[in-house]
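Engineer: Numbering of the sequence shown is given in this note's numbering, commencing with residue 5 and proceeding in unit increments. Here a beta-carbon is modelled for each residue, glycine too, at the ideal position from N, C-alpha and C. Have a look at this one.
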Amino acid sequence: MLKSVTQPDREQREAQTVSKAVVRAAAALGLSNRALAGIVGLSEASVSRLTRGDFMLERHGKSFELAVMLIRLYRSLDAVTGGDPAVATAWLRAENTALNAVPLDLIRTVEGLVSTVLYLDARRAVI
């Protein structure tokens, strides 16, 4: 017999999943807790608790949405770089002529994060 999943259960699972995934994405990209905090709009202390599993992003919060965007950036960058973490971290820290900036600097703002994700999505879909 199938068990019905209530809305709060689903939202809690989504929050747990995104919380874990953003920590893993940040680690794979070589981002410090300070950098992750700046990108998703949390304090460094909250990010520290997030990495320990003592804090979870709120499903309907801005930090949750920004975390989803960072995860999307990681997934697109992983695809574009063929899964090579060294290439991905180098790309993130190097001047990008198409973006006219260093991606790591851009993603510190919402506008920059969105434009970097859109750029990577376009590069990922090149035929």
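With DSSP run on the structure shown, which of helix, strand or coil describes N100?
Structural biologist: If you number the sequence shown from 1, residue 100 lands on position 96. Correct three-state label for N100: strand.
Engineer: Would you call the stretch 59-70 and the stretch 88-95 in contact, with 3 or more CB pairs under 8 Å?
Structural biologist: No, because fewer than three Cβ pairs between the stretch 59-70 and the stretch 88-95 fall closer than 8 Å, the two stretches do not touch.
Engineer: From Y123 to E15, what does the alpha carbon distance come to, in whole angstroms?
Structural biologist: Mapped onto the sequence shown, residue 123 falls at position 119. Mapped onto the sequence shown, residue 15 falls at position 11. Approximately 29 Å between the Cα atoms of the pair.
Engineer: DSSP three-state call for A71: helix, strand or coil?
Structural biologist: Taking the sequence shown and counting its residues from 1, one reaches residue 71 at position 67. Reduced to three states, the DSSP call for A71 is helix.
Engineer: Can you say whether T113 is buried or exposed, counting buried as having 16 or more other CB atoms within 10 angstroms of its CB?
Structural biologist: If you number the sequence shown from 1, residue 113 lands on position 109. Exposed, by the Cβ-count rule.
Engineer: Identify which residue in T55, G45, L81 and E99 has its Cα closest to the Cα of T21.
Structural biologist: As a first step, residue 21 must be located in the sequence shown, where it is residue number 17. Out of T55, G45, L81 and E99, T55 has the C-alpha closest to the C-alpha of T21.
Engineer: Identify the continuous alpha helix (DSSP H) that holds I43 and give its terminal residues.
Structural biologist: For the purposes of this step, residue 43 is taken as residue 39 along the sequence shown, with counting starting at 1. Segment N37 to V44, the alpha helix (DSSP H) holding I43.
Engineer: Assign A129 to one of three DSSP states: helix, strand, or coil.
Structural biologist: Against the sequence shown, residue 129 aligns to sequence position 125. Of the three classes helix, strand and coil, the one that applies to A129 here is coil, per DSSP.
Engineer: Which residues share a DSSP beta bridge with A105?
Structural biologist: Counting from 1 along the sequence shown, the entry for residue 105 is found at position 101. In DSSP, A105 forms a bridge with N100.
Engineer: Taking 9 Å as the threshold (C-beta atoms), are E115 and V106 in contact?
Structural biologist: Counted from its first residue, the sequence shown places residue 106 at position 102. Counted from its first residue, the sequence shown places residue 115 at position 111. No.
Engineer: In three-state DSSP terms, what is T85?
Structural biologist: Locating residue 85 in the sequence shown gives position 81, counting from the first residue. If DSSP states are grouped into helix, strand and coil, T85 belongs with coil.
Engineer: Report the option in L74, A94 and Q11 whose CA atom is closest to the CA atom of T120.
Structural biologist: By 1-based counting over the sequence shown, the position of residue 120 is 116. Cα-wise, what sits closest to T120 is L74.
Engineer: When the Cα atoms are used, what is the spatial distance from S50 to G57?
Structural biologist: The residue given as residue 50 occupies position 46 in the sequence shown. The residue given as residue 57 occupies position 53 in the sequence shown. So the two alpha carbons sit approximately 10 Å from each other.
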